[in-house]
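Heads up, this note's numbering is the position in the sequence shown plus 2, with the first residue counted as 1. Don't be surprised by glycine CBs; every beta carbon is placed ideally from N, CA and C. Here is the structure we will look at.
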Amino acid sequence: MSSVAYIQRWKIPSESLQKEFCKDWWQLSEANRERYGLLEASLYHIEPDHFVAIAKWQDEAREVQASKEALALAHAERWKAYRSEGPEAMTSVIEIRQ
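Shown next, in the form of structure tokens:
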């Protein structure tokens, strides 16, 4: 079932299903978001609190992505230190981070 068809029917009971739906919703192309987005929400009987929940989950996803990027950056710094100065430098980078 497409996200749009889901939107037309839902009062999705479980939070895990809501999160799954929201993940699908945000993966739609930009054109579809404009077409079926907030401006036309009333056409699809979407309640405002659904968009609040979607926005909250989107923020959580951004935080997770930011922490993944920070971890990748820290790993890159350790690897760079290891390559330039050997294993001793890598230990000092780890100690500084802690």
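Query                                                                                                                                   : Result
Through-space distance from lysine 70 to arginine 64, alpha-carbon basis                                                                : 10 Å
CA-to-CA distance, glutamate 87 to alanine 78, given in whole angstroms                                                                 : 14 Å
Through-space distance from alanine 74 to arginine 80, alpha-carbon basis                                                               : 10 Å
Rounded C-alpha distance that separates tryptophan 59 from alanine 76                                                                   : 26 Å
Contacts around glutamine 67, its chain only, beta-carbon distance under 6 Å, and the 5 residues preceding and following it disregarded : none
Where alanine 72 falls, given that 16 or more other Cβ within 10 Å makes a residue buried                                               : exposed
Distance cut-off 8 Å: aspartate 61 Cβ against heavy atoms of the ligand HEM                                                             : With respect to the ligand HEM, the structure shown offers nothing to examine, as it has no ligands at all.
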